[in-house]
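**Q** Shown below is the structure under consideration.
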Amino acid sequence: MSMLIREIILENFMSYEYARIPLRSGVNLICGPNGAGKSSILLGISVALGQSYTERSKKLSDLIRRGKDVGRVTIVLDNSVRNGRRPVFRIKKDQIYLTRVLRRDGKYWFEIDNVHATKADVVSLLSHFGVDPDNMLIIMHQDMAEQFIVTSPQEKLRLVEAAAGLEPYRRNVLE
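Heads up, the sequence shown is in this note's numbering, so the first residue is 1 and it goes up one at a time.
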């Protein structure tokens, strides 16, 4: 099952005070001049998904807008019925709000539909969509290309298979 992000909501995140970026099925292009915040949108998605790597900062609290104490990144996931079932069947709504809240004091947490969630909860949620947030091919930041180049051929294949949703087929073949 593929994941579709319907909207990205940035609150006090990097240069954004408040922004809602709607997305559609298919390819979405984010265009603008240098310094307009395009990379911040991609980084926001990474942060909301719980990715371990952020190229911009060593601390998540550094991503909070200057002068603010709390920042939020929310991605709205499409949970509408496809082929007779929802990607996350236990959630009976068409949209799931996945939020990561960042505090200036260094504390942060996740919320799923405004309810506190653990990283394990987020990983479990995303697994219903076939997404591993730490697969570098899901979102490859500029600095990650070098890391990918030096990755072994076997690991590259594993990452590509995981990003394409082919891992279950590989397991079936090996069994």
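Beta carbons: idealized from backbone N, C-alpha and C, even for Gly.
Could you check what DSSP says for Pro153 in three-state terms: helix, strand or coil?
**A** In the structure shown, Pro153 sits in a helix (DSSP, three-state: H, G or I).
**Q** Checking 8 Å against the spacing of the C-beta atoms, do Val115 and Gly50 come in under that value?
**A** In this structure, Gly50 does not lie closer than 8 Å to Val115 by Cβ.
**Q** Could you give the C-beta distance for Tyr97 and Thr74, rounded to a whole number, given that I count them as a contact under 8 Å?
**A** The pair is a contact, with the Cβ atoms about 6 Å apart (cut-off 8 Å).
**Q** Please classify Gly106: is it buried, with 16 or more other beta-carbons within 10 angstroms of its beta-carbon, or exposed?
**A** When all chains shown are included, Gly106 counts as exposed.
**Q** Sort out for me which residues DSSP pairs Gln95 with in a bridge.
**A** Partner(s): Asp78.
**Q** What first and last residue would you give for the alpha helix (DSSP H) that runs through Ala48?
**A** Element bounds for Ala48: 38 to 49.
**Q** Taking 6 Å as the limit between beta carbons, can you name the residues of its chain near Asp69, skipping five residues before and five after?
**A** Answer for Asp69: Arg104, listed in chain order.
**Q** Out of Thr151, Ile30, Leu63, Ile149, which has the shortest C-alpha to C-alpha gap to Arg100?
**A** Of the candidates Thr151, Ile30, Leu63, Ile149, the one whose C-alpha sits nearest the C-alpha of Arg100 is Leu63.
**Q** Could you give the distance in angstroms between the alpha-carbon of Arg20 and the alpha-carbon of Leu102?
**A** Rounded to the nearest angstrom, the two C-alpha atoms are 18 Å apart.
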